[in-house]
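Engineer: So the number in my numbering is just where the residue sits in the sequence shown, counting from 1, plus 3.
C-beta: ideal position from N, C-alpha, C; glycine also.
No experiment lies behind these values; they were computed from the predicted model shown.
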Amino acid sequence: MLQQTQVSRVLLGYSLFLSRFPNFSSLASATPGEVIRAWRGMGYNMRALRLRKLAGIVVRNYRGKVPNEINELLTLPGIGPYTAHAIACFAFGRNVPVVDTNVRRVLGRVFPSVIKSRDQWTLAGSILPRKKAYEWNQALMELGALVCISKKPHCAECPWHKQCPSAYKTVYKPGQKPKNEPHRRGIPNRIYRGKIIEILRNANEPVSIPLLMQTFGLRQTRSDRNWLNSILDGLRRDGLLCRQRIRNIFFYALPG
Ligand code: SF4
């Protein structure tokens, strides 16, 4: 839920979502539409569908309990190396490293020569204390988030400032410019995708293309219509909406 989404937004939806789906079997047996509705306000609706799919696998293959082996976690939908390690460490207390953006930055500064030749996960594992990975990983993440920040790290406050070869030397280099994502009139397509799902969440009946065009202030031009169709087709391919045809007009609704 927190992936690229502010904590304040997730906090509102998190408890509502859990009260609606208190266990994996209730989530697995819900329709995609029910899960998308319950995901309201938390952005990136694809994650809701992945979570539902994950719940189905956990119920079918793991008797309703999330596995604690990293290799098994990695086979679940939407779970990458970071999430797999975070679940293993923070949910199951396993002694494994957790490398997020902040930890990656700290390691790159403290071990600049090592990081070039070794995988960050291997390095993070090699400095992991034998016990207390739960505390260690959180401390490292917090160090990167609050002290070893990207622009001007607060080296004087850092417990590693005597050993760190980058202490007081970090010069901020602006990162790569963000990708020029597809957009319409300066608004990224992903925002329109989210808005369409929000409209369908609030609608009591299927919504037609002319109504969507009107809502977005689009003109009845071929270019605007083609663009909207491509967004709707993408959402349909992702399983986020379904389409029905009534008297030569297409109507859209949440699935299931
Ligand atoms: S000394 Fe400075 S650069 Fe090195 S880890 Fe600490 S905050 Fe980061």
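Do Leu126 and Leu261 have their beta-carbon atoms positioned less than 7 Å apart in this structure?
Structural biologist: Because residue 261 is not part of the residues shown, which for the chain are 4 to 259, the question remains open.
Engineer: Under a CB-based cut-off of 7 Å, is Arg248 close to chain B?
Structural biologist: Of the chains in the structure shown, none is chain B; there is only one protein chain.
Engineer: Considering only residues of the same chain and omitting the five flanking positions on each side of Val99, which have a CB-CB separation below 8 Å?
Structural biologist: Cβ neighbours of Val99 beyond the five flanking positions: Ile73, His88, Ala91, Cys92, Gly128, Leu131 and Ala136.
Engineer: So which of Pro213, Thr218, Gly259 and Phe219 has the shortest CA-CA distance to Asn251?
Structural biologist: The option with the nearest alpha carbon to Asn251 is Pro213.
Engineer: Quick check on this structure: which residue in Ile200, Glu160, Gly220 and Ile249 has the alpha carbon closest to the alpha carbon of Met49?
Structural biologist: Among Ile200, Glu160, Gly220 and Ile249, the Cα nearest to that of Met49 is on Ile200.
Engineer: With a cut-off of 8 Å on the beta carbons, I'd call Cys151 and Arg108 a contact; round off their distance for me.
Structural biologist: Yes, Cys151 and Arg108 are in contact; Cβ-Cβ is about 6 Å, under 8 Å.
Engineer: Given the structure, does Trp163 come close to the ligand SF4, in the sense that its CB is under 6 Å from one of the ligand's heavy atoms?
Structural biologist: Under cutoff, so the answer is yes.
Engineer: In whole angstroms, give me the CA-to-CA distance for Tyr175 and Ser169.
Structural biologist: Between Tyr175 and Ser169, the C-alpha separation is close to 12 Å.
Engineer: In its own chain, which residues sit with a C-beta less than 7 Å from the C-beta of Lys154, not counting the 5 before and 5 after it?
Structural biologist: These residues qualify, in order along the chain: Tyr175.
Engineer: Compare the beta carbon distance of Pro70 and Leu52 with 7 Å and say whether it is the shorter of the two.
Structural biologist: No, the Cβ-Cβ distance between Pro70 and Leu52 is not below 7 Å.
Engineer: For Tyr171, count the other beta carbons within 10 Å of its own beta carbon; 16 or more makes it buried, fewer makes it exposed. Which is it?
Structural biologist: It is exposed - the Cβ of Tyr171 has fewer than 16 other Cβ atoms within 10 Å.
Engineer: Look at the alpha carbon of Asn1 and the alpha carbon of Phe24, and state the distance between them as a whole number of angstroms.
Structural biologist: As shown, the chain starts at 4 and ends at 259. That puts residue 1 outside it, with no answer to give.
Engineer: Closest to Leu57 by C-alpha separation, out of Leu215, Val10 and Pro80, would be which residue?
Structural biologist: Here the closest residue by C-alpha is Pro80.
Engineer: Based on DSSP bridge pairs, tell me the residues matched to Phe253.
Structural biologist: Paired residues: Arg248.
Engineer: Could you tell me whether the Cβ atoms of Phe27 and Ala41 are closer together than 7 Å?
Structural biologist: No, these two residues do not count as a Cβ contact at 7 Å.
Engineer: Going by Cα to Cα distance, which pick from Glu75, Thr173, Phe95 and Met45 is closest to Lys198?
Structural biologist: It is Met45.
Engineer: Using the three-state DSSP reduction, which class does Pro115 fall into: helix, strand or coil?
Structural biologist: Correct three-state label for Pro115: helix.
Engineer: For the putative contact between Ala142 and Leu203, defined by C-beta atoms under 8 Å, what is the C-beta separation to the nearest angstrom?
Structural biologist: Contact flag wrong, Cβ pair sits at about 43 Å.
Engineer: Answer with buried or exposed for Asn183, where buried requires no fewer than 16 other C-beta atoms within 10 angstroms of its C-beta.
Structural biologist: Classification of Asn183: exposed, given that the 10 Å Cβ count is below 16.
Engineer: On the CB-based measure, 16 or more other CB atoms within 10 Å of its CB, does Pro156 come out buried or exposed?
Structural biologist: Label assigned to Pro156: buried.
Engineer: Taking the alpha carbon of Trp139 as the reference point, which residue from Ile234, Val102 and Arg246 has its own alpha carbon closest?
Structural biologist: Closest option to Trp139, Cα to Cα, is Val102.
Engineer: May I ask you to report which of helix, strand or coil DSSP gives Pro35?
Structural biologist: Helix at Pro35.
Engineer: How close, in whole Å, do the beta carbons of Arg55 and Leu30 come, if the pair is a contact with beta carbons under 8 Å?
Structural biologist: About 6 Å separates the two Cβ atoms, so the contact holds.
Engineer: Report the partner residues of His186 according to the DSSP bridge assignment.
Structural biologist: Pro191, per the DSSP bridge assignment.
Engineer: Where does the unbroken alpha helix (DSSP H) through Trp139 begin, and where does it stop?
Structural biologist: Run containing Trp139: Ala136 to Glu145, per the alpha helix (DSSP H) assignment.
Engineer: Who does Ser211 pair with in a DSSP beta bridge?
Structural biologist: Phe254, per the DSSP bridge assignment.
Engineer: When every heavy atom of the ligand SF4 is checked, does at least one fall within less than 6 Å of the C-beta of Cys167?
Structural biologist: Correct: Cys167 has its Cβ closer than 6 Å to the ligand SF4.
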